[in-house]
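Using the numbering used here, you'd call the opening residue of the sequence shown number 324 and step up by one each time. C-beta atoms are modelled at their ideal positions from N, C-alpha and C, and glycine is treated no differently. See structure below.
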Amino acid sequence: MSRWIAPILLTVAFLAQAPAHARDWVRTELPGIVIYSDGYPHELQRWALKVRLFDALLREQFGVPAADADSGSTLTIYLLDEGKDVEHLTGRKNLNGHYSPSSEGSYLIASRAPAYEKTRLSGQMALFHEYTHHFMYRHFASAWPVWYSEGFAEEASTVAFDADRTATVGLPNWPRMRHMGNEPMPLKTILTASVEQFKPGEKARFYAWSWKLVHMLGKTPEDRGRLDAYLRSLTAGIDPIQAARDTFGDLDALEARMHGFVPDPHRGRKLAIAAAVSSENPVTVLDPSASQLVDLRLARLAGKDRGQVLAGLRAFVAANPGNAQGRLELALALRQKDVEAAHAEALAALDLIPQDPRSLAVWADLSLRQIKSNPASTPASWDNVRARLTTAIAPDTRDPLLLLTLFRSYLMEPRRPSGEAIAAMERALALQPESYEMRTLGVYALALAGKRAQARQVARVLASDPHASDTGRKALMALDVLEQPRSSP
């Protein structure tokens with residue numbers, strides 16, 4: 324064999340075994356947030372400061388204390404190099420950012436593309452838009468309409484920070500304005516629409532007109548007061564059109580104002596950040612093995628190519644059998660395909676780190692699935708798994724999935740949840756209220772605890788969410804049935 328052919332063949336063999344999208348990741352922690360970036364450490368320092376400033380701005384605008392930043396479950400943010408990397412990862416075109424309030428843990432994907440652009444949605448704008456959704460879902464149990472949730476996130480996405488950390492808010496959202504089209508969107512369509520009813524092109528128009536309405540109503544104290552009153556009416560359960568008439572008056576006049584409103588391209592409000600925001604965020608450079616696992620976890624969450632991810636995780640575990648997180652990731656990737664194999668991996672992870680609440684939650688969930696599918700299972704089988712869960716749950720337990728798993732075990736059997744399980748579900752909802760599954764099961768737990776008003780409010784929030792509206796409406800109907808007086812025999 325020629326002297327130069329052998330090295331080439333070895334190189335080809337190595338590349339064939341290497342992950343297709345292996346990156347070097349860096350990591351930093353903020354209060355309540357973990358950020359991963361596939362860029363340089365100094366870049367992550369800069370983006371971490373942006374996140375802290377933006378969070379501080381939202382807290383000051385809405386009166387949310389900074390002290391509660393560590394009181395809930397952690398949000399994980401993944402920052403990729405460019406918008407096309409987000410598109411490639413998710414398999415969705417023209418996607419610069421993605422937010423998922425998964426019960427496994429809320430996460431956000433965005434890019435480090437330029438901060439503010441007029442022609443396209445930048446990485447920073449996508450990050451701020453999605454972070455606004457997280458902030459609103461986490462801190463407010465309000466049944467806000469879709470147009471306001473999306474319109475306000477679009478408004479917040481244009482925030483820019485000066486070198487002295489002063490924020491400029493209320494800048495025009497140029498990328499969205501390009502999607503308004505020649506024909507105005509009717510006001511009643513905006514007030515009552517759900518995102519899911521639009522085709523992709525129309526969805527962009529809906530976002531654009533929702534932003535314009537929010538932008539216009541934020542210009543004067545009078546309009547801001549009316550908007551606040553309107554949102555309070557909706558939270559109280561008033562019909563959207565009726566609430567709009569009650570607070571804004573003549574809707575035809577409001578529609579004419581909206582259609583004729585021209586945003587000032589140079590006008591934004593300057594706001595100083597009162598909170599002392601540290602720019603010192605220690606950054607950890609992950610080793611190749613840890614970086615590879617972040618890659619695989621992110622690919623699994625994005626769900627683009629499950630077969631390739633599963634093969635990658637199997638290879639990772641084969642090369643790193645003592646890595647508990649790798650085995651846990653493999654268990655999560657396998658759980659919909661092969662419960663028995665997933666259970667074995669979860670058990671191996673639990674053996675490696677017996678006190679890890681997440682490993683216990685995944686192992687318990689898979690154990691319960693096996694019990695449910697086995698006709699020979701007895702009540703004692705269910706109770707044995709619950710015993711391990713209850714032993715691990717303490718008053719300071721902060722893993723909502725562990726708490727939810729205990730409550731869900733009773734629904735899987737089925738059996739009326741114990742008082743301990745109901746309390747665990749309420750705690751899970753408090754830790755991660757943005758999760759659809761936490762809210763759905765939280766409605767049931769609150770109703771069982773006799774907290775019907777709280778249960779109804781959580782159900783209203785679900786019903787107002789475009790991604791969980793059917794679930795919310797069904798929950799409200801179930802509560803209506805529960806509250807009907809029983810007829811005497």
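In three-state DSSP terms, what is Glu668?
To locate residue 668, count along the sequence shown from 1; it is residue 345. In the structure shown, Glu668 sits in a helix (DSSP, three-state: H, G or I).
Counting along the chain, where does the beta strand (DSSP E) carrying Glu352 start and finish?
Numbered from its first residue, the sequence shown carries residue 352 at position 29. Taken as a continuous stretch (DSSP letters only), the beta strand (DSSP E) holding Glu352 covers Val349 to Leu353.
Nearest CA to the CA of Thr720: which residue from Ala684, Gln780, Trp705 and Lys511?
The residue labelled residue 720 in the question sits at position 397 within the sequence shown. If we check each option's Cα against that of Thr720, Ala684 comes out closest.
Quick one, which of Met459, His421, Asp408 and Thr413 has its alpha-carbon nearest Ala303's?
Nothing can be reported for residue 303: it is not among the residues displayed for the chain, which extend from 324 to 812.
How many angstroms separate the CA atom of His344 from the CA atom of His538?
Reading the sequence shown from its first residue, position 21 is the one you call residue 344. Reading the sequence shown from its first residue, position 215 is the one you call residue 538. Confidence at His344 is low in this model, with a pLDDT of 48, below 50, so its placement is unreliable and the value that follows should be read with caution. Between His344 and His538, the C-alpha separation is close to 40 Å.
Please report the straight-line C-alpha distance between Arg709 and Arg650, rounded to a whole angstrom.
Taking the first residue of the sequence shown as position 1, residue 709 is located at position 386. Taking the first residue of the sequence shown as position 1, residue 650 is located at position 327. Looking at the two C-alpha atoms, the distance is approximately 23 Å.
So what does DSSP say about Thr607, is it helix, strand or coil?
Counted from its first residue, the sequence shown places residue 607 at position 284. Three-state DSSP puts Thr607 in a strand.
Reducing DSSP to helix, strand and coil, say where His815 ends up.
A query on residue 815 cannot be resolved here, the shown segment of the chain reaching from 324 to 812 and no further.
When you compare each of Arg488, Pro424 and Trp497 to Ser396 by their alpha carbons, which one comes out closest?
The residue given as residue 396 occupies position 73 in the sequence shown. Measuring from the Cα of Ser396, the nearest candidate turns out to be Pro424.
Residues bridged to Thr512 by DSSP?
On the sequence shown, position 189 is the one that residue 512 refers to. Answer is none; Thr512 lacks a bridge partner.
Name the one or two DSSP bridge partners that Thr491 has.
Numbered from 1 along the sequence shown, position 168 holds the residue referred to as residue 491. Answer is Ala483 and Lys593, bridged to Thr491.
Can you grab the Cα-Cα spacing for the pair Thr489 / Val600, in whole Å?
Sequence index remark: in the sequence shown, residue 489 carries index 166 (1-based). Sequence index remark: in the sequence shown, residue 600 carries index 277 (1-based). One C-alpha to the other measures close to 12 Å.
What residue from Thr570, Met761, Ala768 and Ala786 has the CA that sits closest to Pro426's CA?
By 1-based counting over the sequence shown, the position of residue 426 is 103. Inspection of the sequence shows that residue 426 is occupied by Ser rather than by Pro. Among Thr570, Met761, Ala768 and Ala786, the Cα nearest to that of Ser426 belongs to Met761.
Apart from the five residues on each side of it in sequence, which residues of its chain come closer than 8 Å, Cβ to Cβ, to Met503?
For the purposes of this step, residue 503 is taken as residue 180 along the sequence shown, with counting starting at 1. Hits under 8 Å: Arg528, Ala531, Trp532 and Lys535.
Please classify Thr570 as buried or exposed, where buried requires at least 16 other C-beta atoms within 10 Å of its C-beta.
Numbered from its first residue, the sequence shown carries residue 570 at position 247. Classification of Thr570: buried, given that the 10 Å Cβ count is 16 or more.
So, helix, strand or coil for Leu402, using DSSP?
For the purposes of this step, residue 402 is identified with residue 79 of the sequence shown, where counting begins at 1. Strand.
State yes or no: is the C-beta of Phe451 within less than 7 Å of the C-beta of Phe377?
Mapped onto the sequence shown, residue 451 falls at position 128. Mapped onto the sequence shown, residue 377 falls at position 54. In this structure, Phe377 lies closer than 7 Å to Phe451 by Cβ.
Using the three-state DSSP reduction, which class does Ala433 fall into: helix, strand or coil?
As a working note, residue 433 is residue 110 in the sequence shown. Three-state DSSP puts Ala433 in a strand.
How many Å lie between Ser472 and His456 at the Cα?
By one-based count along the sequence shown, residue 472 stands at place 149. By one-based count along the sequence shown, residue 456 stands at place 133. Using only the alpha carbons, I get a separation of about 7 Å.
Short of 7 Å in beta carbon distance, which residues of its chain neighbour Phe584, apart from the five on each side in sequence? Order them along the chain.
As a working note, residue 584 is residue 261 in the sequence shown. Closer than 7 Å at the Cβ level, and outside the excluded window around Phe584, lie Lys535 and Met539.
Quick one: measure Cβ to Cβ for Leu799 and Ala786, integer angstroms, because I've assumed they're closer than 8 Å.
Position 476 of the sequence shown holds residue 799. Position 463 of the sequence shown holds residue 786. Sure, about 6 Å apart at Cβ, within 8 Å.
Which of the three DSSP states is assigned to Tyr422 in this structure?
Residue mapping note: residue 422 aligns to position 99 of the sequence shown, counting from 1. Strand at Tyr422.
DSSP on Val600, reduced to helix/strand/coil?
For the purposes of this step, residue 600 is identified with residue 277 of the sequence shown, where counting begins at 1. Coil.
Is Ser614 helix, strand or coil when you go by DSSP?
Walking along the sequence shown from the start, residue 614 turns up at place 291. Ser614 falls in the helix class under three-state DSSP.
Tell me the DSSP secondary structure of Ile676 in three-state form.
The residue given as residue 676 occupies position 353 in the sequence shown. Three-state result, Ile676: coil.
Grouping DSSP H, G and I as helix and E and B as strand, with all else coil, what is His344?
Along the sequence shown, one-based indexing puts residue 344 at 21. With a pLDDT of only 48 at His344, under the threshold of 50, the placement of this residue in the model should not be trusted; the figure read from the coordinates follows. Note: His344 maps to coil in three-state DSSP.
Do three or more CB pairs link the stretch 363-372 to the stretch 587-607 at distances below 8 Å?
Yes, they touch.
Which residue marks the beginning of the alpha helix (DSSP H) containing Ser287, and which one marks its end?
Look at the range of the chain in this structure, 324 to 812, and you will see that residue 287 is not part of it.
Can you find a heavy atom of the ligand ADP that lies under 6 Å from the Cβ of Pro563?
No copy of the ligand ADP occurs in the structure displayed, which carries no ligand at all.
Can you tell me the Cβ-Cβ gap for Val469 and Ser517, rounded? I've got them flagged as a contact below 8 Å.
As a working mapping, residue 469 is identified with position 146 in the sequence shown. As a working mapping, residue 517 is identified with position 194 in the sequence shown. Yes, they are in contact, since the Cβ atoms of Val469 and Ser517 sit about 6 Å apart, within 8 Å.
CA-CA distance, Gln807 and Ile694?
As a position in the sequence shown, residue 807 is number 484, starting the count at 1. As a position in the sequence shown, residue 694 is number 371, starting the count at 1. Approximately 36 Å, taken between the alpha carbons.
Pop quiz: Ala687 and Arg658 are said to be a contact at Cβ under 8 Å. What is the actual Cβ separation, rounded to whole angstroms?
One-based indexing of the sequence shown puts residue 687 at position 364. One-based indexing of the sequence shown puts residue 658 at position 335. Going by Cβ atoms, the distance from Ala687 to Arg658 rounds to 12 Å, so no, they are not a contact pair.
In or out: Val564 buried (at least 16 other Cβ within 10 Å) or exposed?
For the purposes of this step, residue 564 is taken as residue 241 along the sequence shown, with counting starting at 1. One point to set straight first is that residue 564 is Ile, not Val, in the sequence displayed. Exposed, since its Cβ has fewer than 16 Cβ neighbours within 10 Å.
What separation, rounded to the nearest whole angstrom, lies between the Cα atoms of Ile596 and Ala479?
Locating residue 596 in the sequence shown gives position 273, where the first residue counts as 1. Locating residue 479 in the sequence shown gives position 156, where the first residue counts as 1. In a straight line, the C-alpha of Ile596 is about 15 Å away from that of Ala479.
Please classify Glu663: is it buried, with 16 or more other beta-carbons within 10 angstroms of its beta-carbon, or exposed?
Against the sequence shown, residue 663 aligns to sequence position 340. Glu663 is exposed by the Cβ-count criterion.
Where does Tyr465 fall in DSSP's three states?
Here residue 465 refers to the residue found at position 142 of the sequence shown. Looking at the sequence shown, residue 465 is not Tyr but Ser. If DSSP states are grouped into helix, strand and coil, Ser465 belongs with coil.
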